[in-house]
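Heads up: the sequence shown begins at -13 in my numbering, then just goes up one per residue.
Idealized CB from N, CA, C, for every residue including glycine.
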Amino acid sequence: DLLYATLLYSANDAATAVAVYIGGDVATFAGMMNQKAAELGANNTHFANPHGLHNEDHYTTPRDVSLIMRAATENATVMEIMQTPTYSCTITRENGGDNEHHYTWNSTNVYMRGTDTLEGIQYICGKTGYTGEAGRCLVSYFQLGEESYISVIMNSKDYALATKQLAYYKLEPDLLETAVRTQAQTDS
């Protein structure tokens, strides 16, 4: 349940709970994350926390994010979670009192919620992120025909439009003008 909260809703408290459960504390878990990043070849990444909130010692690059996403696509559990638009659960506390709490988490990703689309491209999954310092970010995994692609958008005001522009420019140049024109009509 905590992984759904973390990956769908970007719940920082859930990410912290996972870190403490697995690593014993946030610093140890961040060290584990850094070790895994290095194993993946993400050599320009350093994690200071499990949730991505701003910290001068927490940084990455688009290339490194794409390497991490590639590894995520090989994990069936992570893929199942990232492909879920909405998740509901009931959490029961062991310590008595008001035992049952019901939660519903909606994906923060407009493509997973279905409120935006990439015409002609099969959007499989992605993960959003946002801080005031980092702007709006989105790593996406999608297919065009038999080919799979990962795109990384960082520090954007509109990650959905930036993803469209990148995908259509790189994969389907003829659709770029249509996508930008459609977005402009929607904005006005």
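*Cα separation between proline 20 and threonine 76?*
Indexing the sequence shown from 1 puts residue 20 at position 34. Indexing the sequence shown from 1 puts residue 76 at position 90. Checking the sequence shown, residue 20 turns out to be asparagine, not proline. Spanning the two alpha carbons is a distance of roughly 32 Å.
*Can you name, in chain order, every residue of its own chain whose Cβ lies under 8 Å from the Cβ of valine 12, other than the five neighbours on each side?*
Taking the sequence shown and counting its residues from 1, the one referred to as residue 12 is at position 26. Excluding sequence neighbours, valine 12 sits near Thr2, Ala5, Val6, Asn35 and Pro36.
*What's the call for isoleucine 54, buried or exposed, on a 16-neighbour Cβ count within 10 Å?*
Mapped onto the sequence shown, residue 54 falls at position 68. Its Cβ being crowded by 16 or more others within 10 Å, isoleucine 54 is buried.
*Beta-carbon proximity check, proline 71 vs arginine 49, cutoff 8 Å*: Here residue 71 corresponds to residue number 85 of the sequence shown, with the count starting at 1. Here residue 49 corresponds to residue number 63 of the sequence shown, with the count starting at 1. No, the pair does not count as a contact, with Cβ atoms beyond the cut-off.
*Under 7 Å Cβ to Cβ from leucine 26, same chain only, skipping five residues before and after it: list those, please.*
In the sequence shown, residue 26 corresponds to position 40, counting from 1. Around leucine 26: Leu53, Ile54 and Ala57.
_Of the residues Ala148, His88 and Thr(-8), the one placed nearest serine 74, counting alpha carbons only_ = Sequence index remark: in the sequence shown, residue 74 carries index 88 (1-based). Answer by Cα proximity: His88.
*asked:* On the CB-based measure, 16 or more other CB atoms within 10 Å of its CB, does lysine 150 come out buried or exposed?
replied: Position 164 of the sequence shown holds residue 150. Lysine 150 is buried by the Cβ-count criterion.
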